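The sequence shown begins at 1 in full-length UniProt numbering and counts up by one. Note that CB positions come from ideal geometry on N, CA and C, so glycine has one too. These numbers come from a predicted model, not from an experiment. Right, one structure below, let's go through it.
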Amino acid sequence: MTAYFNGLVLRSGGTRPDVAELHMPEVGPGQVRVRVRAAGVCHSDLSMVNGTIKPSYPLVLGHEAAGEVVEIGDHVTRAAVGDHVVLNWQPACRSCWFCDQGEPWLCSTSSGVASLENGVTLDGGPVHVALGLGAFAEQVVAPENAVIRVPSSLPLELAALLSCGVLTGAGAVRNTAQVRPGESVVVIGLGGVGLSVVAAARAAGAAAVIAVDVSESKKALAESAGATDFVVSSDALSKEIRSRTSGRGADHAFECVGRATTIRAAWRATRRGGKVTVVGMGSNDDVVSLSALDIFSSARTLRSSVYGSADFDVEIPRLAEEVQAGRLKLDHLITDRIGLAEVPDAFDRMTRGEGARSVVAL
Ligand code: APR
Ligand code: ZN
1 MTAYFNGLVL RSGGTRPDVA ELHMPEVGPG QVRVRVRAAG VCHSDLSMVN
51 GTIKPSYPLV LGHEAAGEVV EIGDHVTRAA VGDHVVLNWQ PACRSCWFCD
101 QGEPWLCSTS SGVASLENGV TLDGGPVHVA LGLGAFAEQV VAPENAVIRV
151 PSSLPLELAA LLSCGVLTGA GAVRNTAQVR PGESVVVIGL GGVGLSVVAA
201 ARAAGAAAVI AVDVSESKKA LAESAGATDF VVSSDALSKE IRSRTSGRGA
251 DHAFECVGRA TTIRAAWRAT RRGGKVTVVG MGSNDDVVSL SALDIFSSAR
301 TLRSSVYGSA DFDVEIPRLA EEVQAGRLKL DHLITDRIGL AEVPDAFDRM
351 TRGEGARSVV AL
């Protein structure tokens with residue numbers, strides 16, 4: 001395996017990323033080298049390009065990926081050469097306070113959304129890798145706890161989706177909000193994440209799943225994911241939702257955009273005592289305003305869901321099983337198959353609200 005490989009590099013904020021030749025370090029003890037085969041384009045990647053979040057540059061983008069283990073360092077026990085794995089951008093140490101509490105998605109040793117240097121170089125100088133991975137690249141070197149084995153019979157492009165958007169969406173429904181059969185659910189924002197929320201809410205037995213987007217073109221995608229209703233977002237959204245939920249508002253609303261205005265819309269779409277789950281990642285300077293009296297008297301719960309409040313090491317293999325058994329359908333999520341150089345066009349489609357997931361084949 002050559003030490004040189006192609007990756008998609010963002011040189012500074014607001015510029016168009018380009019494909020560049022990178023150099024991979026040796027695989028150290030406890031590390032694995034993965035030949036990436038499929039990587040999904042997630043809104044968090046776009047957020048690094050458009051400045052919603054501010055990483056360090058130059059940066060290899062990408063974090064929703066799957067591939068094959070091609071080399072392992074000393075003492076690695078979790079994976080062997082030839083295994084198919086998904087990459088985890090929030091690996092858990094299993095020994096910090098949060099991991100001990102059973103909340104590995106909040107592991108305090110993880111880099112979270114920060115970008116790291118991991119020894120990869122560009123033109124002889126250091127380069128950062130997004131979310132500790134930099135998975136829009138032919139290869140990734142990662143600590144072994146950042147890989148999760150999946151059956152080799154699962155197509156790698158579907159496995160890739162499990163590692164971020166699907167786990168985030170399904171986990172928000174199952175773990176964070178705990179949607180029960182018969183409940184009503186509103187989902188605002190129908191990208192890969194929101195459509196995964198729609199599918200998981202339906203699978204959890206929700207009686208009504210009202211899918212909301214600014215883009216009318218999302219209607220067909222929402223329906224194939226299992227939505228019972230589709231509503232184009234407007235200032236009259238809460239009235240519209242009330243009219244479809246016996247005048248009360250929904251039991252649950254999931255915000256899958258990452259904006260203060262849509263968090264507020266999700267709040268207003270729920271009934272008294274309802275649950276609002278924020279799945280979208282917004283920016284630091286976008287502030288949600290709610291009145292103190294409203295917060296008290298509406299008795300609602302407002303909670304965020306980081307990485308689906310999920311123990312990924314358990315839930316990703318479980319999701320893989322569900323996909324293989326046909327209980328979780330993901331095929332409709334992939335609307336574009338592209339090469340590395342076409343990722344900027346996928347960002348443009350995402351900005352226009354077109355399609356669901358673009359997946360890079362590598
Ligand atoms: N109201 C309703 N829908 C909106 C609005 C709005 N005001 N603004 C944007 N949308 C829709 C877009 O049209 C698009 O369909 O939200 C959807 C977002 O989808 P993607 O851009 O594909 O994003 P996705 O990858 O699904 O991520 C959603 O979750 O993990 C986070 O960082 C991620 O914040 C992002 C969110
Ligand atoms: Zn993501």
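Query: When the Cα atoms are used, what is the spatial distance from residue 358 to residue 61?; Result: 14 Å
Query: Measuring only from the beta carbon, is residue 109 closer than 8 Å to any heavy atom that is part of the ligand APR?; Result: no
Query: Apart from the five residues on each side of it in sequence, which residues of its chain come closer than 7 Å, Cβ to Cβ, to residue 25?; Result: 119, 120, 141
Query: For residue 283, collect the residues of the same chain with a Cβ closer than 6 Å to its Cβ; drop the 5 residues on either side in sequence, then sort them by chain order.; Result: 52
Query: Could you check how far apart the C-beta atoms of residue 130 and residue 39 are, in whole angstroms? I think they sit under 8 Å.; Result: Going by Cβ atoms, the distance from residue 130 to residue 39 rounds to 11 Å, so no, they are not a contact pair.
Query: In chain order, what residues of the same chain lie with their CB nearer than 6 Å to the CB of residue 302, ignoring the 5 residues before and after it?; Result: 276
Query: Which partner residues of residue 304 appear in the DSSP bridge assignment?; Result: 278
Query: So, under 8 Å CB-CB, residue 338 and residue 86 are touching, yes? Tell me the CB distance rounded to an integer number of Å.; Result: The pair is not a contact, with the Cβ atoms about 19 Å apart (cut-off 8 Å).
Query: When every heavy atom of the ligand ZN is checked, does at least one fall within less than 8 Å of the C-beta of residue 165?; Result: yes
Query: Apart from the five residues on each side of it in sequence, which residues of its chain come closer than 7 Å, Cβ to Cβ, to residue 16?; Result: 344
Query: Could you check the C-alpha separation between residue 289 and residue 74 for me, to the nearest Å?; Result: 52 Å
Query: Any contact of the stretch 206-220 with the stretch 43-59, i.e. 3+ C-beta pairs under 8 Å?; Result: no
Query: Give the DSSP-derived three-state secondary structure of residue 151 in the structure shown.; Result: coil
Query: CA-CA distance, residue 221 and residue 333?; Result: 8 Å
Query: With a threshold of 6 Å on Cβ separation, who are the neighbours of residue 104 within its own chain once the five nearest residues in sequence on each side are excluded?; Result: 92, 311
Query: Which residues mark the beginning and the end of the beta strand (DSSP E) in which residue 81 is found?; Result: No beta strand (DSSP E) contains residue 81, which DSSP labels as neither H nor E.
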